[in-house]
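Protein chains in written order, with the working numbering: chain W, -4 to 352; chain F, 664 to 782. Beta carbons: idealized from backbone N, C-alpha and C, even for Gly.
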Amino acid sequence: MEIPHTVTPRPDTGLYNAKLAVWLFLASEVMLFGGLFSAYVFLRMAADDGYWPHGLLSVPVGTINTIILITSSIAVVMSWAALKMRNWKMYKLWMLVAIALGVIFLIIKLGYEYPNKFDHFGAFIKKEKWGEYEQYLGNEYLAKKGLEPRPQISGHLHEVEINVADADKAELDAVIKKRGLVIAKSEEDGKLLSIEVKSPRDAEALAKIPGAVTNPQETDPKKITRKEQGVKMVAFEVALDEVNADPTNAKFDKPSFFFRGHTEKIAKIHADDVENGGWSAFVPKHSPFLAIYYAITGLHGLHILGGLVMFVYFFFFSEALYRRNPEHMANRIEVVGLYWHFVDLVWIFVFPVFYLL
Amino acid sequence: MSSESHTPEPAPASQEQIRDIQKHIKGYVKIFCFQVAFAILMVWISFWNLGSSAAQVGATLLVAIANGILVAGILMHLKEEKRTIWKFLIFTGVFFFILFFLTYLGRTDTIVQTLHHHH
């Protein structure tokens, strides 16, 4: 039995089946991303002054990715046009261009933007300690100019000072060996260690090492020894970002178009001066901004991946359908194109809200 | 090799269809140029001092909306789409705005009292 209206439109709706279906699907997608953008607005409005970063993401990279997606959208519509004109070779060429651009977009996102953040360190300083870190935060200067305060010190984490008095020694040695860490200094009979780290992930692994606390007063034998956090963070040594190295420089009053890297200037941040749970790499748990950034861009990236799977399928397995019924084939590309344009449309809003505003 | 090579080439498109599609292609090239220009304009506006951050956010999002209208209207063919699709989208749009209104309601929903139950 042949399914009706796969190529020709239904007389009542004026639409062929797949087109009706994809628009319903896109309506549900609007609500999905709408919910996340609504969460973005909620988080941004609730953020205290200075706690919503501006200029954290690289604008040139975001601009390049925007242009890549715009071009890929045009490539898809051109491949549809080529099918409508029965030009198979041009269809294949434009489809290949769309696939290549989609792959480049993902490489930039997953191979450059995300890993850069995973290696970047930031620590939110407790408000009552801002004065002690004025040389890195510049909050007196910012207050005089009527600008938002700067609560965070960020940069490249290269050394941590830890207290390992209660730590499970075997576990500590295992983490040091596994991650190839170097003990730069050992004090107080090996209870206070300065360890050179390569990224904040190393510091997080050290902080998770368990310890055992013995309580001889306990009557329940099962509770005499209890497990708890064995390593206590004492201090972080950070090669500062430009903005923290020279915080009263007027050029840092506003976000910059060009990427700002870290300097060789070192700062020591005491763990007790950091907000509870306020230090980490630039991963989702670091701040509400990064949490919603990864949620939206991650979901968008998955949509790009989904589109690429469909493109690759149509690139390799569509010739038979084209020869049998070229209009049916053109309809399929129109439908997958509608999905791709929607993904492009989402990015058009992702780019300004995360990179520019 | 495959059955595809034995299937004849499809009949060529009519001259009328080709002319119609060529007209579309000219439009797509223009849209591409506009979209790139809008993307650059959006970046420029966001670094341009408009006096207040609200004006900056408003102007940047306005350019983003214009860019989005181009994608939806021309590339997604919404401009010439059937009424059924428009009905879906209007319906979706209403719920979309309700969703954002919930954010506003959330802001007004402040906790004024904590109740302690003593047993």
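The ligand FAD heavy atom lying under 8 Å from the CB of A234(W): Judged by which ligands are present, the structure shown has none, so any question about the ligand FAD falls away.
Proximity test, Cβ basis, 9 Å: E672(F) and chain W: yes
Sequence-distant residues of the same chain with beta carbon closer than 7 Å to E129(W), five excluded per side: E135
Three-pair Cβ contact test at 8 Å for the segment 59 to 66 of chain W versus the segment 332 to 343 of chain W: yes
For F701(F), the three-state DSSP class (helix, strand or coil): helix
For V56(W) and E108(W), believed in contact at Cβ under 8 Å, the rounded distance: 6 Å
9 Å Cβ cutoff, Y46(W) in contact with chain F: no
Within-9 Å CB hit, V304(W) to chain F: no
Contact under 9 Å by Cβ, L167(W) with L132(W): no
Beta-carbon spacing of L142(W), D248(W) below 9 Å: yes
Member of K203(W), K263(W), M(-4)(W), D44(W) whose CA lies at the smallest distance from the CA of G150(W): K263(W)
Whole-angstrom C-beta distance between A234(W) and H153(W), which should lie under 8 Å: 6 Å
Distance, P279(W) Cα to F758(F) Cα: 28 Å
Chain W contacts made by the segment 731 to 747 of chain F, where a contact means CB separation under 7 Å: G731, V734, A735, L738, M739, K745, T747
Contact residues within the segment 680 to 713 of chain F, judged by C-beta distance below 9 Å to chain W: Q680, I681, D683, I684, Q685, H687, I688, Y691, V692, I694, F695, Q698, V699, F701, A702, I703, M705, V706, I708, S709, F710, N712
Bridge-paired residues (DSSP) for V269(W): I120(W)
Coil, strand or helix - Q147(W) by DSSP: strand
Segment contact, 8 Å Cβ cut-off, at least three pairs: the segment 267 to 287 of chain W with the segment 107 to 127 of chain W: yes
Cβ of F726(F) within 9 Å of any chain W Cβ: According to the sequence displayed, residue 726(F) carries Val and not Phe. Closer than 9 Å: yes.
is_contact[M228(W), chain F] using C-beta, thresh 9 Å: no
Rounded straight-line distance, which links the Cα of K218(W) to that of V775(F): 41 Å
Classification of H779(F) by the beta-carbon crowding that lies within 10 angstroms, buried from 16 upward: exposed
Beta carbon of M26(W) nearer than 9 Å to that of L762(F): yes
Best match in A162(W), M228(W), P250(W), D215(W) for proximity to V208(W) [C-alpha to C-alpha]: A162(W)
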